[in-house]
């Protein structure tokens, strides 16, 4: 197969950089364009010195890229700025494949988008076309898609853990409590006081309690699985490590046992290359998946009657972002889904 020419919008961010890291050794991909308007004109090694061994194109402003010569583009731009840029890219090259790692096309309902993101969607004609890119749930639709909206890191971890249980009616969808923790890279690379080493390094900080935008994605997809509207209790926290994510979901059982939940998850992911359900008594840990595209899910009986605790962990920059985007790209181009993504976790 001829290598596909790939562009990365927002290559100076953490998700863009991880896309570069993974695509640089992908046998079917050639990185042909990198954009970062604030760093335009710089070599990638000036922004990320760990790429010293790679021969990469210089960073340029997105307007200066010839989109007609590319086969796919990964978008690592912030929400709100992505919609119009992707619309412009598709106008220039309607055949290009878009892997959007921002939040701009994840919500199907335009009113829901406006509610959670504070403004009307600026590319409604594309919002209806976008496929939600949680690979394990929408593989067939992703394969045929032109625009894939890759999920947020929190929703990926939560939905992989809970969607099979909601679909099988094993849990009460009106009683879901999610305690989530993410590494500091989840906050982006911009200079923010709360992510300075001296302020984040030895503390655990809740943020956006009751108002985090990823709640909308979680509710959308659990609602689809359950067949009815869902509202979840979702509380995210910033944890003092660079990358990684851990979600603890507290659920009420619908006449099931914790063992039933584990069996349902094992059935759902029996043939999935990247999702692993731990054996009874084995707990997922962030260090087991760091730097990899793998997900670990575990189930524990709560000491409260008729309740269980579902644990899920992933690397927020890989399966929670760039890795999942590449997994989707593989599907869109008809190459084996695991291509370029079978790195073992970094431990310790």
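Numbering (the UniProt record's numbering), first residue to last: 1 to 348.
No residue lacks a Cβ here, since even glycine has one placed at the ideal position from N, Cα and C.
Every value quoted in this text rests on a predicted model; they were computed, and no experiment measured them.
Option in the options with minimal Cα separation from residue i
| i | options | result |
| --- | --- | --- |
| residue 294 | 199, 204, 227 and 316 | 316 |
| residue 240 | 233, 195 and 74 | 195 |
| residue 325 | 301, 280, 165 and 149 | 149 |
| residue 214 | 92, 20, 104 and 89 | 104 |
| residue 206 | 153, 197, 182 and 48 | 182 |
| residue 259 | 64, 152, 24 and 277 | 277 |
| residue 331 | 42, 261 and 146 | 146 |
| residue 300 | 327, 287, 291 and 251 | 251 |
| residue 101 | 134, 69 and 216 | 134 |
| residue 257 | 288, 306, 242 and 265 | 306 |
| residue 287 | 328, 98, 262 and 347 | 347 |
| residue 216 | 154, 124 and 273 | 154 |
| residue 5 | 57, 124 and 119 | 57 |
Simplified DSSP assignment, three categories, for residue i
| i | result |
| --- | --- |
| residue 296 | strand |
| residue 222 | helix |
| residue 198 | helix |
| residue 59 | strand |
| residue 184 | helix |
| residue 320 | helix |
| residue 333 | helix |
| residue 207 | coil |
| residue 42 | coil |
| residue 111 | helix |
| residue 30 | strand |
| residue 65 | coil |
| residue 117 | helix |
Neighbourhood of residue i by C-beta, 6 angstroms cutoff - its chain only, sequence neighbours within 5 removed
| i | result |
| --- | --- |
| residue 157 | 245, 247, 312 and 314 |
| residue 10 | 16, 76 and 77 |
| residue 141 | 131 |
| residue 209 | 235 |
| residue 27 | none |
| residue 84 | 122 |
| residue 298 | 278, 283, 284 and 311 |
| residue 266 | 277 |
| residue 42 | 59 |
C-alpha gap between residue i and residue j, whole angstroms
| i | j | result |
| --- | --- | --- |
| residue 179 | residue 171 | 17 angstroms |
| residue 234 | residue 2 | 44 angstroms |
| residue 34 | residue 88 | 16 angstroms |
| residue 91 | residue 268 | 39 angstroms |
| residue 151 | residue 72 | 18 angstroms |
| residue 238 | residue 189 | 14 angstroms |
| residue 12 | residue 113 | 26 angstroms |
| residue 95 | residue 22 | 24 angstroms |
| residue 116 | residue 160 | 22 angstroms |
| residue 296 | residue 197 | 28 angstroms |
| residue 30 | residue 329 | 13 angstroms |
| residue 249 | residue 343 | 27 angstroms |
Which residues DSSP lists as bridging residue i, in chain order
| i | result |
| --- | --- |
| residue 246 | 181 and 313 |
| residue 235 | 179 |
| residue 149 | 100 and 132 |
Contacts around residue i, its chain only, beta-carbon distance under 8 angstroms, and the 5 residues preceding and following it disregarded
| i | result |
| --- | --- |
| residue 18 | 317, 318, 321, 322 and 323 |
| residue 46 | 39 |
| residue 98 | 72, 73, 75, 86, 89, 90, 146, 147 and 148 |
Cutoff 7 angstroms; reference residue i; Cβ partners in own chain excluding five residues on either side
| i | result |
| --- | --- |
| residue 163 | 137, 221, 222 and 225 |
| residue 200 | 184, 194, 238 and 240 |
| residue 54 | 24 |
| residue 264 | 164, 165, 168 and 170 |
| residue 230 | 173, 219, 222 and 223 |
| residue 48 | 17 |
beta-carbon residue i near the ligand ATP non-hydrogen atom, thresh 7 angstroms
| i | result |
| --- | --- |
| residue 82 | Annotation note on the ligand ATP: not contained in the displayed structure, which lists no ligands. |
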